[in-house]
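Here is the structure we will look at, set down as structure tokens.
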Amino acid sequence: MARVLIIDDDASLLDVLTLALEDAGHTVLRASDGKAGYALARDAEVIVSDVNMPGLDGFSLVRKLRAEGVTTPIMLLTSRDGEIDEALGLDLGADDYCEKPFRSRALMARIAALARRSGPGAGTERSEDRLSAGEMMIDRLRQQAFWRGTIVPMTMTELRILEDLVRRPGVVRSRDQILDHIHDDGTQVAPRLIDTYVRRIRRKIEALDPAFDRIETVIGAGYRWSQA
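Per the numbering used here, the very first residue in the sequence shown carries number 40; after that it's consecutive.
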């Protein structure tokens with residue numbers, strides 16, 4: 040179970056989510072606005088934040104935490120109706136989003152999935168905990184990616200997408216296949232959002248190596264990790 044921080048200015052929703060999460064065995068931290076949530080963020084293993092809040096909105100909160108190197112999985116809750124909001128939140132570094140109104144059971148499953156991805160892992164480190172392909176290495180136990188020995192800061196979802204590609208060099212992975220890998224809880228997510236994630240991954244590695252070109256776009260099919 041995980042320490043889950045809920046940030047929302049709707050007191051009744053905070054109460055409902057707190058009860059559901061505690062019933063599921065999680066420890067709950069609460070905040071009624073973005074600034075209070077920011078102060079508690081480093082104590083959490085999963086952050087669930089509303090987008091529309093006074094003081095510090097959800098998008099600004101994500102931007103601020105990611106700029107400071109905080110990699111804690113973040114889910115955004117939004118009542119806005121539009122793909123731009125979803126893509127913007129993910130582009131800033133959020134790991135997932137959920138539109139209001141939502142079903143509590145589905146939301147609990149998605150929070151549990153984020154908690155599993157952020158967990159420290161159990162047992163002794165094994166060879167399969169490290170995945171390598173050329174100059175890319177993924178330490179699955181520590182949830183870190185390295186390009187030419189330098190760590191690449193990534194969210195849990197970005198890391199899982201990268202792992203899915205690196206594990207199968209030269210193999211084209213469709214957006215649906217990648218989604219099945221990163222959302223093993225059955226969550227329905229628009230396949231086009233994979234493009235947003237891949238763009239972010241490329242941008243982060245290119246910041247270390249401007250010539251990086253290992254992630255190839257296969258038009259009409261998906262993406263693959265180049266063996267060249």
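Note that CB positions come from ideal geometry on N, CA and C, so glycine has one too.
In the DSSP assignment, Ser171 forms a beta bridge with Met176. The beta carbons of Ile113 and Ala145 sit no closer together than 7 Å.
For the set Ala250, His65 and Ala260, the Cα lying nearest the Cα of Ala152 is the one of His65. Bridge partners of Ser88 according to DSSP: Ile46 and Leu115.
Between Leu115 and Ser88, the gap from beta carbon to beta carbon is short of 7 Å. DSSP places Gly64 in no alpha helix (DSSP H); its state is neither H nor E. The beta-carbon separation of Arg263 and Val211, rounded to 5 Å, stays under the 8 Å limit for a contact.
Straight-line spacing of the CA atoms in Arg187 and Leu53 works out to 44 Å. For a cut-off of 8 Å, the C-beta gap from Ile217 to Ile233 is around 5 Å, short enough to register as a contact. In this chain, the alpha helix (DSSP H) harbouring Thr235 covers Leu232 to Glu245. The distance from the Cβ of Leu131 to that of Val191 is about 17 Å, inconsistent with a contact at the 8 Å cut-off. Assignment of Val257 by DSSP, reduced to helix, strand and coil, places it in the strand class.
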